[in-house]
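Before any comments, here is the structure.
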Amino acid sequence: EAVRLQRQDVQVLTPTQLLPEHADAVASAHVVVFVDASEGPTPGVVDCRSVRAVHGLVPDHTMTPERLLALAHSAFGADPDAWLVTIRGARFGLHEGLSHTVAAAIPEAAALVI
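Our numbering applies: residue 822 is where the sequence shown begins, and numbers increase by one.
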């Protein structure tokens with residue numbers, strides 16, 4: 822079930838991957854919440870952790886939340902509070918839907934985001 826926020830001060834972006842172009846939106850925010858799924862030993866587990874800009878990394882093609890925060894800081898002088906909410910999954914094949922275990926974890930993840 823989709824969670825809809827009806828607030829003027831909330832902007833929701835749903836990219837399939839983070840891009841340098843997102844630094845502008847990150848820089849204009851007071852708080853940023855990244856939401857992701859990743860492979861883990863226990864599908865359905867929801868993690869939430871604070872993330873901070875990591876400066877001085879060697880440039881590559883990987884745009885992580887930490888790198889995006891660093892870009893927002895270097896390009897715009899911004900330093901918003903940032904969080905990463907992750908739902909653990911087991912398989913990420915193209916033809917697969919959500920397992921019952923992962924689908925059941927969505928309300929917990931949504932509550933953390935809100």
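The beta carbon of each residue, even a glycine, is placed where N, CA and C say it ideally should be.
In this structure, R873 lies away from L905, with their beta-carbon atoms at least 8 Å apart.
Counting C-beta pairs with one atom in each stretch, the region 912-925 and the region 878-898 have fewer than three that are closer than 8 Å, which means they do not touch. For I908, the enclosing beta strand (DSSP E) stretches over residues 902-910. Only residues of its own chain outside the window of five on either side were considered, and among them A848, A893 have a CB closer than 6 Å to the CB of A899, listed in chain order. Here the alpha carbons of P901 and L878 stand approximately 19 Å from one another. R888 and A930 have their C-alpha atoms spaced approximately 23 Å apart.
Here the alpha carbons of P928 and G865 stand approximately 11 Å from one another.
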